[in-house]
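Per full-length UniProt numbering, residue 1 is the first one in the sequence shown, and the count goes up by one each step.
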Amino acid sequence: MKPGAVPESDAAPENATPEPVPPQPLDPAAAIARLGELVLIDVRDEEAFGAGHIEGSGNVPLSRFKERRAELPPREAAVLVAGEDEHQAREAAFALHGHGFARVRWLDAPVASIGSGATHRGPAARLWRPAPFLVEVLSALPRGRAADLAAGSGREAVFLAMNGYEAEAWDSAPEALSRAEALATRHGVRLTTVTCDLEQASPPLPRERYDLVVCFRFLHRPLFPAIERALASGGHLVYETYRVGQERFGKPRRPAFLLERGELRRAFPTLEVMRYEELESEGGPVTARLWARKGH
1 MKPGAVPESD
11 AAPENATPEP
21 VPPQPLDPAA
31 AIARLGELVL
41 IDVRDEEAFG
51 AGHIEGSGNV
61 PLSRFKERRA
71 ELPPREAAVL
81 VAGEDEHQAR
91 EAAFALHGHG
101 FARVRWLDAP
111 VASIGSGATH
121 RGPAARLWRP
131 APFLVEVLSA
141 LPRGRAADLA
151 AGSGREAVFL
161 AMNGYEAEAW
171 DSAPEALSRA
181 EALATRHGVR
191 LTTVTCDLEQ
201 ASPPLPRERY
211 DLVVCFRFLH
221 RPLFPAIERA
231 LASGGHLVYE
241 TYRVGQERFG
251 KPRRPAFLLE
261 RGELRRAFPT
271 LEVMRYEELE
281 SEGGPVTARL
291 WARKGH
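What follows is the structure, encoded as structure tokens:
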């Protein structure tokens, strides 16, 4: 992970996360009554999950929490953990609590105790969420080739592939890109990964190739001209990262990795600004976001 990037596991949540409270058990009757309001994480292995699970549940086996951490829901989500038995569910619930999840319950009984409600055999629900700003503007973006710069574990890149893009994930960390490839495979989409130091003097971004470039939680100012050149005629840029003020709430704290007010709006002079916002929620994060377009 390069200095200008913030690891996804360390990134500030989109909204301020409540102070974590210890996980609490939930009996099957109460769990059934609250299924519609909780994000359900089934932590059994893939084979057990495939044999029958609660409809709408996602699956991240407890044994793979560390390597698949980027596939978990946002830390501010209200979560119910279900397992092979209450002991496995409790262990997973406290592991999530240790990762900063604020509202965690665990099913105080085996998944099978739900009865006919745990016999669904469809695919696992998607627990992870891409950057909300990307979701907001997606319908207005041109389809085609897309590059996700400093992609990390690939949530945005995979999300773009799931929405019809020929997506590329660029990052300096091979292990992160391996996780991105695995995530794409689990969702049945193709993803091209490019191991590249985007902070080198002349990053090898191809000229006029991409209909869309996205970048989240990464700042390396010398890269800005290369991003402009990488956009094809009519291509769009969606960019969001932290600005000054974020240091009060968490990473990043170094000024080199924090935008000044208005800086991102001015950073790409050849592009037409479609939307620009500076956000600061109580408790963080403090960000700037830009959607811009290259002329024809």
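Glycine included, every Cβ here is placed at the ideal spot set by N, Cα and C.
query	result
Reduced DSSP category for F218 - H, G, I as helix; E, B as strand; rest coil	strand
G250 versus A150: straight-line alpha-carbon distance, rounded	20 angstroms
For L219, the nearest candidate out of V111, R265, A157 and Y242 (CA to CA)	Y242
Among G154, Y165 and Y239, nearest to R186 - alpha-carbon criterion	G154
Close-in-space but distant-in-sequence residues of the same chain around A288 (CB under 6 angstroms, 5 per side omitted)	R243, L259, L264 and E278
CB of Q88 within 8 angstroms of CB of L62, strictly	yes
Per-residue DSSP class, three states only, for A147	strand
Selection from V286, E280 and I227 that minimises the alpha carbon distance to A267	I227
8 angstroms Cβ cutoff met for E247 and L231	no
Under the three-state DSSP convention, the category S63 falls into	helix
Outcome for E71 when other beta-carbon atoms lying within 10 angstroms are tallied against a minimum of 16	buried
Same chain only: Cβ atoms within 6 angstroms of L141, ignoring 5 sequence neighbours per side	L212 and H236
Where A51 falls, given that 16 or more other Cβ within 10 Å makes a residue buried	exposed
The alpha helix (DSSP H) enclosing G50, as first and last residue numbers	E46 to A51
Other residues of its chain near S9: CB distance less than 6 angstroms, five sequence neighbours each side excluded	Only weak support exists for where S9 lies, its pLDDT of 48 falling under 50; the coordinates are left without a value.
Stretch-stretch touch, CB-based, cutoff 8 angstroms, three pairs: the region 29-43 with the region 76-94	yes
Reference R105, options I32, P132 and R229, closest by Cα	I32
At least three beta-carbon pairs within less than 8 angstroms, the region 184-202 to the region 152-171	yes
Beta-carbon gap between A147 and Y210 smaller than 8 angstroms	yes
Residues that DSSP places opposite L212 in a beta bridge	A146 and H236
Closest by C-alpha distance to Y165, when choosing among S178, A184 and L177	A184
Contact under 8 angstroms by Cβ, L271 with A256	no
8 angstroms Cβ cutoff met for V286 and G234	no
Assigned secondary structure, V39 (DSSP; H/G/I helix, E/B strand, else coil)	strand
Pairwise C-alpha distance: Q200 and G117	53 angstroms
H97 and P28 closer than 8 angstroms at C-beta	no
When G284, A109, R253 and R229 are compared against P269, the one with the closest alpha-carbon	R229
Which of helix, strand or coil DSSP assigns to A167	strand
Check whether E168 and G122 have beta carbons under 8 angstroms apart	no
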